[in-house]
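First residue of the sequence shown? That's 257 in the numbering used here, and the numbers climb one at a time after it.
Heads up, the beta-carbon is just placed ideally off N, CA and C, and yes, glycines get one too.
Since the model is a prediction, treat every value here as computed from it, not as a measurement.
Data first, discussion second: the structure below is written as structure tokens.
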Amino acid sequence: MSEYILEMRNISKSFAGVQALKEVSIRCKPGLVYGLVGENGAGKSTLMKILAGAYRADAGEIVYKGAIRDQASTAEIIDSGISIIYQELALVRQMSVAENIFLGREPRNRLGILNLGELYDRAGELLKRLGIRLNLRLPVSELTIAQQQLVEIAKALSQNADLIVMDEPSAILAGSELDQLFRIIESLKLQGVTVIYISHRLEEVFRIADEVTILKDGELVATRPIGELDRATLVEFMVGRPLDEVFPQTEHEQGELVLVAEDVSTDTILAGVSLELYAGEILGIAGMVGSGRTELARALFGADPLTGGSIKLAGGGEARWGSPAQAINAGLALVPEDRKTHGLFTALSVRINVTIPILSSLTRLGVLKRAAEEAVVRGAQERLSIVMSSSDQETQFLSGGNQQKVVLAKWLSTDPAVIILDEPTRGVDVGAKFEIYKLMRQLNDRGIAIVMISSELPEIIGMSDRILVMNDGRIAGELAREEAGEARIIELATMGGSEAALT
Ligand SMILES: Nc1ncnc2c1ncn2[C@@H]1O[C@H](COP(=O)(O)OP(=O)(O)OP(=O)(O)O)[C@@H](O)[C@H]1O
Ligand SMILES: [Mg+2]
257 MSEYILEMRN ISKSFAGVQA LKEVSIRCKP GLVYGLVGEN GAGKSTLMKI LAGAYRADAG
317 EIVYKGAIRD QASTAEIIDS GISIIYQELA LVRQMSVAEN IFLGREPRNR LGILNLGELY
377 DRAGELLKRL GIRLNLRLPV SELTIAQQQL VEIAKALSQN ADLIVMDEPS AILAGSELDQ
437 LFRIIESLKL QGVTVIYISH RLEEVFRIAD EVTILKDGEL VATRPIGELD RATLVEFMVG
497 RPLDEVFPQT EHEQGELVLV AEDVSTDTIL AGVSLELYAG EILGIAGMVG SGRTELARAL
557 FGADPLTGGS IKLAGGGEAR WGSPAQAINA GLALVPEDRK THGLFTALSV RINVTIPILS
617 SLTRLGVLKR AAEEAVVRGA QERLSIVMSS SDQETQFLSG GNQQKVVLAK WLSTDPAVII
677 LDEPTRGVDV GAKFEIYKLM RQLNDRGIAI VMISSELPEI IGMSDRILVM NDGRIAGELA
737 REEAGEARII ELATMGGSEA ALT
């Protein structure tokens, strides 16, 4: 048998008008980790969906475990030892964590009746073995995205695959969860499992991959052992030109106070959170999965009711709000982490998604000003380099990162006083990331205050004027830019039993 467990040869794939892959070839040996990188829309997920049987290639062949693979169903492909953690999480929201992990493979007795006791026992054992702490009985809809990600990982691992594809598994994992994921990958390697790892966080690729394949515009650019690459070279392969990776700085005096939260508590997890936000600054919010970052964003935006404390705009009028609609009127915008359920109308076009919040300003006497609308969309596309076939393209057919950019564009077209960004660069490629950073600073220059929640410590440290570290629903500490380092943030985020909130 060949030394490769998998060879994908000359794979091509087109979607109406878009050639997503052009004769791409990769091959993988057992027990190694393969990084797969490239800009948003480069074709990474498409290649992996072809491997997983979700799409059919137009041309090319797949040799798996020594034999050419014929067309097979996704179930047959899972049985053959391939499992995939999809970039867009594919869990059944109303089912519990345990049910999702064993979906379609639930333990049953001889009469075919579901054995719930065994289901929960086995799920419990699996999570324990993986060091993942989650309440097995909670419906997935009640988990944060990061927790859902952990369920996806557990699900893929429960299938005992020989080859596991992880499409952005870490997009919003930080600190200890990330270490946990890497420990899991190391142990998979030792068991001879092949891992294909897709990520826009290149430091992860350097940490975990043995070999890296770079795609650009659907074509293979290079495959190299990790030892022959440095970050700058890898970025140049991806982007096609050298890229200066420096966080854009603005020099500004601290502006006026715009928003004050005092002693805010909620039914979710927040327990006495106070913060002040000033015009033209970026306030970074760091913390582990489950520490209450997203819940803080929701509370600030009026999406979760307060059980104590208050949130108000400083200065004139003291506007208050008790719902997202009122929050928007008061001048707030929220870019949520979960773009699939809250951020986008995925069945509608890019154009409609981008212009929906400002529709009234684009209509005159009930008639849509087509040219003005088109200008807004074109401006957003250029500023954020959104890759789309046209502004009529449905957002569900954009690549993951480009969907994220559309969500951002949507809110940037409004003119808020405060923007809350929850994981603004999740799944966004390295070039576009710096475009988004520049954009954030431009907003600051216009006096807009930004609250940025992020799991990416380099981003938190590089972009924030001040950093609040959350831990177990509280603010564990505030750091000025000068004193913030990864070690200090992690220390504050993990003090005490921060994971208690998960179980
Ligand atoms: N079902 C589909 N219908 C139409 N076009 C599609 C479909 N799926 C993918 N595409 C297009 O194929 C190209 C490659 O997309 P793909 O999702 O593979 O990119 P990617 O490398 O995974 O990007 P990202 O880093 O943003 O996840 C993109 O231009 C995308 O818009
Ligand atoms: Mg993708």
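Label residue i either buried or exposed according to how many other C-beta atoms from any shown protein chain fall within 10 Å of its C-beta, with 16 as the threshold for buried.
i, result
"Phe271", "exposed"
"Pro498", "exposed"
"Lys256", "Nothing in the structure corresponds to residue 256, since the chain is present only between 257 and 759."
"Gly540", "buried"
"Met751", "exposed"
"Glu762", "Nothing can be reported for residue 762: it is not among the residues displayed for the chain, which extend from 257 to 759."
"Gly741", "exposed"
"Val280", "buried"
"Phe601", "exposed"
"Arg554", "buried"
"Asp560", "buried"
"Leu370", "exposed"
"Pro425", "buried"
"Glu238", "Residue 238 is absent from the model: the chain starts at 257 and stops at 759."
"Val623", "exposed"
"Lys384", "exposed"
"Ser720", "buried"
"Leu348", "In the sequence on display, residue 348 carries Val and not Leu. Answer is exposed; the Cβ neighbour count stays below 16."
"Gln510", "exposed"
"Thr550", "buried"
"Gln405", "buried"
"Glu332", "exposed"
"Glu467", "buried"
"Ser655", "buried"
Identify every residue that forms a DSSP beta bridge with residue i.
i, result
"Tyr290", "Ile452, Glu467"
"Gln275", "Ser270"
"Ser521", "Ala527, Gly564"
"Glu650", "Ser605"
"Arg722", "Leu539, Ala736"
"Leu446", "The partner list for Leu446 (beta bridge, DSSP) is empty, contrary to what the question assumes."
"Pro481", "Glu467"
"Ala323", "Tyr320"
"Lys472", "Glu475"
"Asp335", "Bridge partners of Asp335: none, in fact."
"Asp685", "Answer by DSSP bridge pairing: none, since Asp685 is not bridged."
What is the C-beta distance between residue i and residue j, in whole angstroms, given that I count them as a contact (C-beta under 8 Å)?
i, j, result
"Thr330", "Ala310", "6 Å"
"Ile441", "Val289", "6 Å"
"Val516", "Leu552", "About 14 Å; that fails the 8 Å criterion."
"Ala589", "Thr670", "6 Å"
"Leu713", "Ile692", "Not a contact, Cβ separation roughly 17 Å."
"Ile357", "Ala379", "5 Å"
"Met544", "Ser432", "6 Å"
"Ala308", "Ile338", "6 Å"
Spatial neighbours of residue i within its chain, please: CB distance less than 8 Å, with the 5 preceding and 5 following residues excluded, ordered by chain position.
i, result
"Ala757", "Low confidence applies here, because Ala757 scores a pLDDT of 36, under 50, leaving its location unreliable and the question unanswered by this model."
"Gly733", "Leu724, Val725, Leu748"
"Ser352", "Leu392, Arg393, Leu394, Pro395, Val396"
"Gly565", "Ala517, Glu518, Asp519, Val520, Ser521, Gly528, Val529, Ser530"
"Val285", "Residue 285 is actually Lys in this sequence, not Val. The residues are Glu259, Tyr260, Ile261, Thr450."
"Asn365", "Asn371"
Give me the residue from the options with the minimum Cα distance to residue i.
i, options, result
"Gln350", "Phe462, Ala749, Val396, Glu374", "Val396"
"Gln447", "Val686, Ile745, Leu413, Ala589", "Leu413"
"Leu394", "Phe462, Gly368, Tyr376", "Tyr376"
"Gln637", "Leu668, Pro714, Leu390", "Leu668"
"Phe239", "Arg463, Leu654, Glu629", "In the structure as shown, the chain begins at 257 and stops at 759. Residue 239 is therefore absent and cannot be evaluated."
"Ala673", "Asn609, Val514, Val662", "Val514"
"Pro680", "Gly373, Glu593, Gly368", "Glu593"
"Arg634", "Lys625, Ser646, Leu624", "Ser646"
"Asn296", "Ser617, Ala308, Lys472", "Lys472"
"Met422", "Ala570, Glu344, Pro286, Gly571", "Glu344"
"Thr489", "Ser641, Gly536, Gln327, Val293", "Val293"
"Gly683", "Ile454, Leu699, Thr400, Ile334", "Ile454"
By Cβ distance, which residues of its chain are closer than 6 Å to residue i, with the 5 residues on each side in sequence left out?
i, result
"Leu677", "Val591, Met708"
"Thr479", "Thr469"
"Val686", "Val491"
"Gly718", "Phe503"
"Glu755", "Any reading at Glu755 must be qualified, since the residue scores a pLDDT of 43, below 50, and its modelled position is unreliable; the value itself is stated next. The residues are Arg389."
"Arg325", "Ile318"
"Val662", "Val606, Asn609, Thr651"
"Lys445", "Gly287"
Excluding five sequence neighbours on each side, which residues of the same chain lie with their C-beta closer than 7 Å to the C-beta of residue i?
i, result
"Ser258", "Gly322"
"Leu277", "Ile267, Ser268, Lys269, Gly299, Thr302, Leu303, Gly474"
"Gln582", "Gly558"
"Glu374", "Pro363"
"Arg697", "Pro504, Thr506"
Is residue i near ligand 4, in the sense that its beta carbon is under 6 Å from a heavy atom of that ligand?
i, result
"Asn365", "The ligand content of the structure shown is limited to ligand 1 and ligand 2, which means ligand 4 is not among them."
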